[in-house]
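Since the structure comes first, as structure tokens, the remarks are kept for the end.
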Amino acid sequence: MLCWLSLAWQSAAQAASPLLPQQPAAASTELTPAALADLLENAEARKALVDQLRAQASGAKPAAPAAAEAPAEPGLRERMADGVQRFLTGLAADMGQGVDDMRSLASGRSLRMDGDAASSALLPLALAAAATIIAFLLLRAIAMLVYTRIDRWVAEHGCEAEASRKPGAPLTMRVLSRRAGAIVGAVAIDAAVVLLAAMAGAAAALWSTPGRGTLDPLATVFLQAFVYVEIVKVLVRTVFAVRHPHLRLLPMTDELARYWAAWLQRIVTAAGYGTLLIDPVMSAALSPALGRLASMVIMLAVYVYAVRVIWQNRQPVRERLERRAANAATFMGSRLRILARVWHVLGIGYFTILLVVSQIDPINALPFMAHATAQTLLVIGVGSLLILLLNTMLAKPIRLADDLRRRLPLLEARVNAYVPAALKLLGWIIRIVILLLILDAWHAFDLSRWLASDAGAAAIKVVLNIVIVLLIAALAWTVIASIIEHRLSQREGRGMPSARERTLLALFRNAALIVIVAMTLMVLLSQIGIDVGPLIAGAGVVGLAIGFGAQKLVQDIITGVFIQLENGMNENDVVQVAGVFGTVEKMTIRSVGIRTLDGGYHLVPFSSVDVVANHMRDFSYHLGEYTIAHRESVDDAIEHLRAAFAELMTDTVLGPEILEEMTVAGVTAVNEKGVTIRILIKTTPGMQWAVQRGYNRLLKKHFDAAGIELPYPHTVVYFGQDKRGYAPPANVFMQTERPDEGDNARAAGHTRRRLEPETPGGDAAEVLGNELEARAEPEDDTPRA
């Protein structure tokens, strides 16, 4: 302050140098009492000094020399220590000066005004006060009649609405709007009464000073104090409405309303008039020290009284708030419970701030508190309303159209997972903004200055960038996942996708998720100022190490990818891989699970798969090789083979599974066992084994009816001989006589049966097995290529 005053004095002295007496050059830059007295005696220099001081008070800094460095901004601890030191120093000085002034008053000496001067100076103040109070009382009496009519009107319409309302139903919007309009009208009338009374006092003050045409300073101080204090009391009366319960803003009993309204009005009256009126009047009439001491004593008394009342009522108020929280909705109930625990702490803190501000800036203390309180309540109200709307939106799950849910079955669940998270994030952003606005209202944080600074702009930019990155990542994942779900879902005209499509799409979905998450994390880290270069390099080194240590795993994955891309096998296919023959039950990107005929489950890694034999691709063949005895006719056997196939084609189950006529490849072998004839029957994929069983059954029936021998094993018997060439005798028995069967004699051990053709539509369940069960499954199984 002294530095600024010196600079201001130098500027003013330079501006008024022609008017000041000449002084030595060495003393021209020093702020001595003599130089300051000479400066103040000159009107031009005094005006220049006042202008400089006003410019500094408004925020402008004096021009510093070019070579001088700007002083460092003091920290919070330094500013607090300086403020406490200045307050204690000022308090000590005021107490010393106040003692001296009291001694002077006790001795009969006047301080600032004598009797005549005091009476002439205080006359406008007294007239303004009397006129204001009388006008206020008269207007309040008239307004009370209006309030009574408004209260009765609200009560009548409320009773009508209550009579027509169903039990448990909330009040209609019409009733609520009428009540809100009545409360707003009452507030407007009450505020108008205060302003009209102030105008009456201003008129009286002007009348008492006819020659000047302006309000007396003390009268102006009173009118300002009256307006500030009574407007705050208007708000108190609006909240509690002691005499008009239907205009009461908060629901409570009349006894509670009277208690708290009277307490708050006493607090507002004492604090407001003590800081805004008594201090200036005593400073003008007696001395500034006495005025400041009187204001401090009043505020200390107000503080002690307020803290005492709050502490005495902390438990009853907590119990009332907790009872109301138990009957309130979840949103309001949780906040009322928090308020019940900390309300007394907030109240004591509020009056502590009022005490401190009243001593630092007595003139602006009450306006500051009113402005900060109003801004805090407004911010909390608007923020709570926004959070309530967000919670209402969170409580209702999003429902998509039936067609969209059918085509994208997981989209609704994904949206219901994204939207609540986004709304919760928005709720936290709203809470942070509320906190910043509250701190700004109490001058604990300069929000506008921070937003205009580089740090504020950078913080907002980072937040916006993070939000944009998250939105892009969520949108990209939603689009990719929705496309994959659409491909995985059942479509009209195409049915369910194949196992190959499901495996590849699941692989692509997982890979896309990993890529999106990794890229999003990297971008977010870079946005908050973290260097991702070392992270990427470290990830590369770790990936290289993992690759060397997991070569087999990498080989499994790469082989599995190519097997899937080449459509080597799908789920439910019958394959033979790595010496394992069975049905594919499960496929991952690393291995395939195969169920063999004996029920064993084999997990085969793809790195062990050299050859894939798929028996379920496009079509299948029943390859049959049937051996007959040497004595039988090949042509007759072929005729019976065809007859058995013709009968098989009449079967209602197996016939449709045969794609072409049977192919007789001919005789493939003539050996010691007999003559082998090969046939080929082309079937649909997977039905070759069922066709084989059915055909073998019918073929055996036809061969039995035709007497075609299926050869037995032939053995050469050697009885041996001695060295002289004689063999031991064989015990041979002659066959008993049997009826002559001509050229159709039956074979040994052969039982002849009559040929009975199968009836069309007959039961063929005994020739079918797992293939019939597989074909009887729903159409959403793996389609055959």
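Here the sequence shown stands for residues -15 to -1, 1 to 770, where the numbers follow mature numbering (1 follows the signal peptide of the UniProt record, and there is no 0). All C-beta atoms, glycine included, are put in the ideal place defined by N, C-alpha and C.
Where the alpha helix (DSSP H) through residue i begins and ends
| i | result |
| --- | --- |
| G727 | Run containing G727: none; DSSP gives neither H nor E here. |
| residue 771 | One cannot answer for residue 771 here, as it falls past the ends of the chain, which runs -15 to 770. |
| Q250 | 239 to 258 |
| N599 | Note, N599: premise wrong, no alpha helix (DSSP H); beta strand (DSSP E) at 597 to 599. |
| T199 | Unbroken run through T199: none, as it is neither H nor E. |
| F547 | 536 to 550 |
| V266 | 264 to 270 |
| I295 | 273 to 297 |
| S433 | 432 to 437 |
| R627 | 619 to 634 |
Assigned exposure category for residue i - 16 Cβ within 10 Å defines buried
| i | result |
| --- | --- |
| W296 | exposed |
| G257 | buried |
| Q536 | exposed |
| Q673 | buried |
| Y586 | exposed |
| S438 | exposed |
| W462 | buried |
| W245 | buried |
| P714 | exposed |
| P236 | exposed |
Three-way DSSP call (helix, strand, coil) for residue i in this model
| i | result |
| --- | --- |
| A715 | coil |
| F121 | helix |
| T648 | strand |
| T659 | The amino acid occupying residue 659 in the given sequence is Gly; Thr does not appear at that position. Note: G659 maps to coil in three-state DSSP. |
| V330 | helix |
| V560 | strand |
| P698 | coil |
| Y606 | strand |
| T463 | helix |
| A654 | strand |
| L588 | strand |
| G318 | helix |
| Y611 | strand |
| K667 | strand |
| I127 | helix |
| I515 | coil |
Sequence-distant residues of its chain with Cβ nearer than 7 Å to residue i (five each side left out)
| i | result |
| --- | --- |
| A291 | I252, F336 |
| G412 | I372, L375 |
| W435 | G441 |
| Q540 | S592 |
Limits of the beta strand (DSSP E) - the one that residue i falls within
| i | result |
| --- | --- |
| R399 | First-last for R399: 396 to 426, but that is the alpha helix (DSSP H), not the beta strand (DSSP E). |
| V565 | 565 to 572 |
| R384 | Premise fails: R384 is in no beta strand (DSSP E) and is neither H nor E. |
| R580 | 576 to 580 |
Cβ-Cβ separation, residue j to residue i (assumed contact under 8 Å), whole Å
| i | j | result |
| --- | --- | --- |
| A113 | G186 | 4 Å |
| L110 | A204 | 5 Å |
| R303 | R326 | 7 Å |
| H229 | T133 | 7 Å |
| L509 | I451 | 6 Å |
| A270 | L107 | 7 Å |
| V178 | A128 | 5 Å |
| P696 | G659 | 4 Å |
| L740 | K686 | 7 Å |
Chain C contact for residue i (CB, 8 Å cutoff)
| i | result |
| --- | --- |
| N401 | Judged by its chain identifiers, the structure shown contains no chain C, having just a single protein chain. |
Nonlocal neighbours in the same chain, by C-beta distance under 6 Å from residue i, ignoring five residues either side
| i | result |
| --- | --- |
| T661 | E610, T612, T653, A654 |
| L200 | A190 |
| M284 | L340, S343 |
| F121 | A182 |
| P265 | V206 |
| G175 | The amino acid occupying residue 175 in the given sequence is Asp; Gly does not appear at that position. For D175, where only same-chain residues beyond five positions count, the Cβ hits under 6 Å are V219. |
| A497 | I465 |
| L492 | I574 |
Close-in-space but distant-in-sequence residues of the same chain around residue i (CB under 8 Å, 5 per side omitted)
| i | result |
| --- | --- |
| M647 | L626, R627, F630, I664, L665, I666 |
| I415 | G368, L371, I372, L375 |
| A712 | F704, G705, Q706 |
| V594 | T544, I548, V562, A563, V577 |
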